[in-house]
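Protein chains in written order, with my numbering: chain F, 2 to 424; chain C, 2 to 330; chain Z, 485 to 817.
So this is what it looks like as structure tokens:
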């Protein structure tokens, strides 16, 4: 059995040091008394950081969300509304989210120089442009860096989408996502009728004996990984309850919304609460070349209340300080309104929103011009954001990760974090 | 994404390490030997790819011969001299540069006779080494790049699928059935009875039909065990989903259902635990069980008279899921 | 009165006025003096047809697609995506808002005025149909029951019945005197749930009764294969009012959405589309395909027929307010 805690890994050393620091500075309590308080024991468990990405597929319009330009030639029909942060206005389609702005931050000066869906998806979740190095997805990377090896749940889960083994890149498919397209565990994770838990555990005991015979003579990293995968499978089957959102109070479920996105966000919270490091929830679709305004009404109407409920729920459980929430898309949409009342693909001046752990709450980074066609202040791209997410999670983004004996930079060395966005 | 404002100079096609070769100017009517259409593949009179093929195969280019040698070596030994295979660059030097050079040269000498090359590898001491290091074996020699112990090679998804079907007797039964079907045709029966060559032909036909009927199982395995499509499949990985697939998947379960002549059927008829253990280990792991294993099997069956079939199924499942079955050793 | 001579095949542009923003919707006033057109810059522009004199009506804080007049043409009523209703003195040299208030929560998508000019009906995204006293702006009734954004509203020429159509193509028939729902009709071909993009597309973007009240016509988009690229055909669904049954679907083999629809007393429907260039389609009788089609210079956004039954207003995406004529060539108008 591997030692779980005293492994001396970099993350644990930092975590412990930070923890002791906070102890000395804030509480002034004796160590013994400190540990016996249940609330603090709870917080201890929560030293792990998480990332929750809400991916608005197709490309959310920055003008109908985080960077409205009402009354200009590009502004469209919607108005801007006040938020809980004085001076910060967002689109009227997000009234619930506006009340959560004090927990959030906006970046309004993204220029990713791209209008291709595939490239945009890649950029925003890999922190670099596609091509050359087979770099891992943000989810695979954080799973590798932050997820406890012996955790019964996977480190990287996608809700509302399939998993994709390619996205783990050079970290290898162990770090690829578990996909839950319909928000449920795949059927293969359920024991079939006629196979009781007892039967199953009995045959796994026999399997371990069979393996012991072989492993006594030869044991390699591969054989370890193989036997470990069976233990993971057994553990995952015991975690069915994590996926049962019907256990949540009816009222909360209603607040999240009785639609796939609402259910998926609620599931995401349950998963994070139970220790999954990275959860990505996809909300589709925002690729509104046609009737951008009607469709944003429809889609954001669904998004707004759910997202605000999610933030409120995370905050009330004390989770938000350990969870970085990012709302992203592959790109924004053209300021110009086309003949179909639509907006097309736009990477030159668009926005994302963040909330929670490690970021400066209420911050607004960067600025676009009067009608949103250009960034005029603090231009950043996906590379900067990638560094920023990692730093907000307490990871040194200029560091490396070991792959087959080689040290690979975890983020684009030509970029750096957006310091003023970090808490 | 691309800066189209910069006009690029026209660059002539140039094989690696060679001189630029200008394309011949051909009149439009003579561009193709075979003119293409919706259903006909065009054949050009002059092809850059053909020029490239000739240049790379000349032997003067070190990259092709080394790369081919390295990949064939990896096929046999489970690991390349340059590893991972696709990381073929100066920052990732071969573990045995002289050997790689020698192998590359041998390929050129034999005009890329791959069969001969594989034969030589198979005859080598490296290939024939055991995968089990002795008790006194120096630890540093266990390092995979030393090739001092044979590597444990994971079965490819296809190999895994067919091996499981073979081990559980699924294909044995199917093969017999197909053979009977074929031989129910009197003309074919007559032809096959003529000589051994025609008998082999029958076996080929049987195999073809088997692959056609059962090959889709390999796709199911590939979904779980294959690496990303379009990338080299030389990195082993194990995931919980793979294990769940073996644990709960309907395919494996159906193979563990007794059917006339399959492994489960044969095992159910063995009343003696020792004989059962022997049949099971021979069929799945192609070796005899050790005394301890015989004992373990007997133990497992104790008190399971009521659900003996289930107990046997559990043991067969465990052997199929074992490390020993997963890796070629 | 002798009906004027018209010839759909002679349909042609007579004049056009340029503006600085794309248009959203347009109407002639009942006296036939002006054409009013709302634009994406939140203003409404008014041109005097005879002189071309242009004035701007400022008051809304969003786009305006709902507009109408009392039968005498004294009041011009507009409803905006800002949820506000404004009464304008239509004939004033420089109209200013006479009455202005927040009438709906969210967009007002359409309004209608009953034939005697006493009642105003408005609909929008708050799923409520509201009835107002036109003279005073007093709220008379709120009719609820729609489950998706209400896209359009029309009074039956008899004045006793009101039709409203929502995003999902559900049409509700309300009794005006009783202020209650009488029945439900469906303009099914105009709605689709796009499973790829997980969104609804549809609704009547234009809706009118014919003057006899025999048919209710709903214009929109049908056979949508890609909601988010707007790949579908412009269509008009004709419902027989007495039976509530779908009578016919007029459909053009083009791409786009019907944004404007008028019935011409000489027994044909004129529809204009936008989205993939602009088109004008003339439909008649039981023939599903247009008997005449004409390419427009740009995607059409709004359409109206002049009281003289000869002139047609089409405002478009290319920032042009165009006046067309149906007069036969070589005739004197």
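Even glycine gets a Cβ: it sits at the ideal position worked out from N, Cα and C.
Asked, Found
"Output yes if chain Z places a C-beta closer than 9 angstroms to the C-beta of residue 299 of chain F; else output no.", "yes"
"If I measure Cβ to Cβ from residue 313 of chain F and keep anything under 6 angstroms in the same chain, skipping five residues before and after, which residues do I get?", "none"
"Between which residues of its own chain and residue 719 of chain Z is the CB-CB distance below 8 angstroms, once the five residues before and five after are set aside?", "673, 674, 703, 704, 705, 706, 707, 733, 734, 735, 736 and 742"
"When burial is assigned at 16 or more other CB atoms within 10 Å of the CB, is residue 103 of chain F buried or exposed?", "exposed"
"Should residue 297 of chain C be flagged as near chain A, meaning a C-beta pair shorter than 9 angstroms?", "Included in the structure are the protein chains F, C and Z, with no chain A among them."
"If contacts are defined as beta-carbon pairs under 8 angstroms, then residue 1 of chain F and residue 354 of chain F qualify, I think. What distance do you get, rounded to the angstrom?", "Past the edges of chain F, shown from 2 to 424, lies residue 1 of chain F, and the structure says nothing about it."
"For residue 771 of chain Z and chain F, any beta-carbon pair shorter than 9 angstroms?", "no"
"Identify whether residue 396 of chain F lies in helix, strand or coil by the three-state DSSP scheme.", "coil"
"If you reduce the DSSP assignment to three classes, tell me which class residue 402 of chain F lands in.", "strand"
"Nearest to residue 421 of chain F by alpha carbon, out of F:408, F:405, F:385 and F:399?", "F:385"
"Any beta carbon of chain F sitting closer than 9 angstroms to that of residue 626 of chain Z?", "no"
"Check for me: the alpha helix (DSSP H) holding residue 297 of chain C runs from which residue to which?", "292-302"
"Within 10 angstroms of its Cβ, does residue 550 of chain Z collect 16 or more other Cβ (buried), or is it exposed?", "buried"
"For residue 730 of chain Z, I'd like the list of residues in its chain whose CB is within less than 7 angstroms of its CB, leaving aside the five on either flank, ordered along the chain.", "721 and 723"
"Check the C-beta distance from residue 715 of chain Z over to residue 682 of chain Z and give it rounded, since I have them as a contact under 8 angstroms.", "About 17 angstroms separates the two Cβ atoms, so there is no contact after all."
"Is any beta-carbon of chain C found at less than 9 angstroms from that of residue 35 of chain F?", "Caution applies to residue 35 of chain F, whose pLDDT of 34 falls short of 50 and renders its modelled position unreliable; the model cannot decide the point."
"What first and last residue would you give for the beta strand (DSSP E) that runs through residue 657 of chain Z?", "654-659"
"According to DSSP, is residue 494 of chain Z part of a helix, a strand, or is it coil?", "helix"
"Leaving out five residues on either side along the sequence, give the residues of the same chain with a beta carbon under 6 angstroms from the beta carbon of residue 163 of chain F.", "180 and 182"
"Can you give the beta carbon distance from residue 369 of chain F to residue 381 of chain F, rounded, assuming they're within the 8 angstroms contact cut?", "The pair is not a contact, with the Cβ atoms about 12 angstroms apart (cut-off 8 angstroms)."
"So what does residue 690 of chain Z bridge to, in DSSP terms?", "Z:703"
"Answer yes if the segment 239-250 of chain C comes into contact with the segment 230-246 of chain F, meaning at least three C-beta pairs across the two stretches below 8 angstroms, and no otherwise.", "yes"
"Is residue 167 of chain F close to chain C, meaning its C-beta is less than 9 angstroms from at least one C-beta of that chain?", "yes"
"Take the Cβ of residue 15 of chain C as the centre, count every other Cβ of all protein chains shown within 10 Å, and call the residue buried at 16 or more, exposed below.", "exposed"
"Determine the chain F residues that contact residue 588 of chain Z at a beta-carbon separation under 9 angstroms, and present them in chain order.", "Residues of chain F passing the Cβ test: none, with the nearest at roughly 14 angstroms."
"Taking C-beta pairs closer than 8 angstroms, name the residues in chain F that residue 323 of chain C reaches, listed in chain order.", "208, 211, 212 and 215"
"Go through the segment 23-95 of chain C residue by residue and report every complete run of the beta strand (DSSP E) that reaches 3 residues or more, in order.", "33-35"
"Residue 191 of chain F touches chain C at which residues, Cβ-Cβ below 8 angstroms?", "249"
"Kindly indicate the opening and closing residues of the beta strand (DSSP E) around residue 510 of chain Z.", "507-512"
"According to DSSP, is residue 389 of chain F helix, strand or coil?", "helix"
"For residue 152 of chain F, which residues in chain C fall below 9 angstroms Cβ to Cβ?", "Here the premise fails: no neighbours, minimum Cβ distance about 11 angstroms."
"I think residue 428 of chain F touches residue 332 of chain F, with their Cβ atoms under 8 angstroms apart; what is that distance to the nearest whole Å?", "In the structure as shown, chain F starts at 2 and stops at 424, and residue 428 of chain F therefore has no counterpart that could be examined."
"DSSP puts residue 808 of chain Z in a beta bridge; with which residues?", "Z:497 and Z:796"
"Using a C-beta to C-beta distance shorter than 9 angstroms, which residues of chain F count as neighbours of residue 753 of chain Z?", "Ordered by position in chain F, no residue passes the 9 angstroms Cβ test against residue 753 of chain Z, which lies about 23 angstroms from the chain."
"Per DSSP, residue 51 of chain F forms a beta bridge with which residues?", "F:324"
"Should residue 341 of chain F go down as buried or exposed, given a rule of 16 or more other Cβ atoms within 10 Å for buried?", "buried"
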